[in-house]
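Here's the structure, in structure tokens; my notes come after.
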Amino acid sequence: MINSHTEIYCIIGNPVKHSLSPLMYNEAFKQLGLNKIFLAFEVKNLKSAIYGLKSIENIRGIVVTVPFKEKVIFYLDSLDETAEKIGAVNAVKCENGCLKGINTDWIGATKALEEKTVLKSKKVAVIGAGGAARAVCFALKRKGALVTVFNRTREKAQKLSDEFGLENAFGLENQDKIKEADIVINTTSVGMTPQENVLVLDPANILSHHIVFDIVYTPSETKLLKLARGKGAKTVKGYKMILYGGLEIFKYFLCLDGPAKVMEKVLVNNLS
Ligand code: ATR
Numbered sequence: 001m002i003n004s005h006t007e008i009y010c011i012i013g014n015p016v017k018h019s020l021s022p023l024m025y026n027e028a029f030k031q032l033g034l035n036k037i038f039l040a041f042e043v044k045n046l047k048s049a050i051y052g053l054k055s056i057e058n059i060r061g062i063v064v065t066v067p068f069k070e071k072v073i074f075y076l077d078s079l080d081e082t083a084e085k086i087g088a089v090n091a092v093k094c095e096n097g098c099l100k101g102i103n104t105d106w107i108g109a110t111k112a113l114e115e116k117t118v119l120k121s122k123k124v125a126v127i128g129a130g131g132a133a134r135a136v137c138f139a140l141k142r143k144g145a146l147v148t149v150f151n152r153t154r155e156k157a158q159k160l161s162d163e164f165g166l167e168n169a170f171g172l173e174n175q176d177k178i179k180e181a182d183i184v185i186n187t188t189s190v191g192m193t194p195q196e197n198v199l200v201l202d203p204a205n206i207l208s209h210h211i212v213f214d215i216v217y218t219p220s221e222t223k224l225l226k227l228a229r230g231k232g233a234k235t236v237k238g239y240k241m242i243l244y245g246g247l248e249i250f251k252y253f254l255c256l257d258g259p260a261k262v263m264e265k266v267l268v269n270n271l272s
């Protein structure tokens, strides 16, 4: 029952109406019998929103999504080491009027991949060099993988490679080199609904020995993953990163383990 003691958690983004976070966390709260609620806020002015949320005592945690993961850092009191290195925050804990940001995207990516393979010494081709790629590259480096980044704008790939100490950087025109990789990860939004028929890679470069991970989770099985599965490659769906990253957020906010099976069921049932 919602009453004057209910603790409030939220996601901020713009747009945010597509977010499955409210369904996922509210189902988890219900399962554990907690007097907490999770809401989605479509934010027009980030600074006013953050200062407003900070000044409300029963707002306890904020999940941050596109396009605020980087900009939000400016309004926080502190960051953990990983959010600092990645340069992006996806969860903010509100405690005694202080806001502390963390990044769990990299943990989500690590756990999603580790369900299928060991990462140490694996050759990984990361497609894209934006914010999501930074979290993925950070995760892979931590686990001792050998990362090469491929990006439409080669200079951005090179910059990321230099900053994170990756193996190499190429433009997408050299994407035939991904054939040598053990793991291929799409971190761009290419293939996301409503443009689910677009492929970021030439099908000829996806081979049966690959493990292909697409961080796009709408549709649940992207065109890239379907293609990979058709070729006999192993695949990792994007929702796994949301699930494992979300379980970390749950633990960070509540100091409790979230009900993983319940949260996964919500995601699977609500993604087509
Ligand atoms: P995010 O934070 O979600 O990673 P971003 O920082 O805007 O978003 O990064 C988007 C990434 O997807 C970039 O690497 C971008 O390539 P550019 O650096 O060349 O812009 C890549 N990307 C977006 N649309 C693309 C497309 N149609 N084809 C290839 N790469 C694309």
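One point on numbering: in our numbering, the residue at position 187 of the sequence shown is 187, and numbering is uninterrupted. Here a beta-carbon is modelled for each residue, glycine too, at the ideal position from N, C-alpha and C. As the structure is a prediction and not an experimental result, all values here were calculated from the model.
Suppose the cutoff is 8 Å on Cβ atoms and the five residues either side in sequence are ignored; what does the same chain contact list for residue i look like?
| i | result |
| --- | --- |
| A49 | I12, F41, V43 |
| A145 | L119, K120, S121, K122, K123, V124, I183 |
| D257 | L247, F250, K251 |
| V6 | Per the sequence shown, the amino acid found at residue 6 is Thr instead of Val. Excluding residues within five positions, the ones whose Cβ falls inside 8 Å are N35, K36, I37, N58. |
| V262 | E27, A28, Q31 |
| E173 | none |
| K17 | A40, E42 |
| L207 | K179, K231, A233 |
| G336 | The structure shown does not extend to residue 336, since the chain spans only 1 to 272, so no value can be given for it. |
| N270 | L20, L23 |
| N96 | none |
Counting only the same chain and skipping the five closest in sequence on each side, list residues whose C-beta sits under 6 Å from that of residue i.
| i | result |
| --- | --- |
| V190 | V198, V200 |
| V72 | V64, V89 |
| V266 | L23, M24, E27 |
| V92 | I62, L99, G101 |
| L160 | A129, V149 |
Considering residue i, what are the terminal residues of the beta strand (DSSP E) in which it resides?
| i | result |
| --- | --- |
| G131 | Taken as a continuous stretch (DSSP letters only), G131 belongs to no beta strand (DSSP E), being part of the alpha helix (DSSP H) at 131 to 142. |
| V93 | Correcting the residue identity first, residue 93 is Lys in this sequence and not Val. It spans 91 to 95 - the beta strand (DSSP E) in which K93 sits, taken as one unbroken run. |
| K123 | 123 to 127 |
| T235 | 234 to 236 |
| G171 | 168 to 171 |
| E42 | 36 to 42 |
| N197 | Unbroken run through N197: none, as it is neither H nor E. |
| K100 | 98 to 102 |
| V273 | Within the shown structure, residues of the chain are numbered from 1 to 272, placing residue 273 beyond reach of any answer. |
| E7 | 7 to 13 |
| T188 | T188 -> no beta strand (DSSP E), and no H or E assigned at all. |
| D182 | Where D182 is concerned, there is no enclosing beta strand (DSSP E), given that its DSSP letter is neither H nor E. |
| T117 | From DSSP, T117 is part of no beta strand (DSSP E); its letter is neither H nor E. |
| V16 | No beta strand (DSSP E) contains V16, which DSSP labels as neither H nor E. |
| L271 | Segment: none, L271 is in no beta strand (DSSP E) and carries neither H nor E. |
| D214 | 211 to 214 |
| L207 | Run containing L207: none; DSSP gives neither H nor E here. |
| N151 | 146 to 151 |
I'd like the span of the alpha helix (DSSP H) that includes residue i, first residue to last.
| i | result |
| --- | --- |
| D162 | 154 to 164 |
| D257 | Premise fails: D257 is in no alpha helix (DSSP H) and is neither H nor E. |
| T110 | 105 to 114 |
| I73 | Premise fails: I73 is in no alpha helix (DSSP H) and is neither H nor E. |
| E221 | Segment: none, E221 is in no alpha helix (DSSP H) and carries neither H nor E. |
| T82 | 81 to 86 |
| G52 | 46 to 54 |
| K30 | 21 to 32 |
Kindly give me the distance between the Cβ atoms of residue i and residue j, rounded to whole angstroms, as I take these residues to be in contact under 8 Å.
| i | j | result |
| --- | --- | --- |
| A169 | V184 | About 16 Å; that fails the 8 Å criterion. |
| A129 | N151 | 4 Å |
| R60 | Y9 | 6 Å |
| C94 | L140 | Wrong, their Cβ atoms sit about 31 Å apart, outside the cutoff. |
| L225 | P203 | Contact doesn't hold; Cβ gap of about 12 Å is too wide. |
| P194 | S272 | No, P194 and S272 are not in contact; Cβ-Cβ is about 12 Å, not under 8 Å. |
| K240 | E114 | Their Cβ separation, rounded to whole angstroms, is 10 Å, which puts K240 and E114 out of contact at 8 Å. |
Would residue i pass as an interface residue toward chain B - the criterion being a Cβ-Cβ separation below 7 Å?
| i | result |
| --- | --- |
| G230 | In the displayed structure, chain B is absent; only one protein chain is listed. |
If I measure Cβ to Cβ from residue i and keep anything under 7 Å in the same chain, skipping five residues before and after, which residues do I get?
| i | result |
| --- | --- |
| I86 | N103, W106, R134, A135, F138 |
| E221 | K237 |
| V216 | N186, S189, G191, M192, T222, G238 |
| N205 | Q175, D176, I178, K179 |
| R229 | T235 |
| V147 | V124, V126, C137, L140, K141, L166, E167 |
| E70 | G87, A88, G131 |
| K143 | T110, L119, K120 |
| I2 | I37 |
| P259 | A28, Q31, L32 |
| K47 | Y75 |
| A83 | V89, G101, I102, N103 |
So is the beta-carbon of residue i under 6 Å away from any non-hydrogen atom of the ligand MG?
| i | result |
| --- | --- |
| N151 | Of the ligands this structure carries, namely the ligand ATR, none is the ligand MG. |
Stretch-stretch touch, CB-based, cutoff 8 Å, three pairs: the segment 96 to 113 with the segment 60 to 80: yes
Cβ contact check for the segment 233 to 246 and the segment 108 to 115: 3 or more pairs under 8 Å: yes
Three-pair Cβ contact test at 8 Å for the segment 51 to 71 versus the segment 11 to 28: Look at the beta carbons and you see the segment 51 to 71 touching the segment 11 to 28: at least three pairs across the two are nearer than 8 Å.
Segment contact flag, the segment 228 to 240 with the segment 205 to 219, C-beta cutoff 8 Å, min 3 pairs: Under the 8 Å Cβ criterion, the segment 228 to 240 counts as touching the segment 205 to 219, having at least three qualifying pairs.
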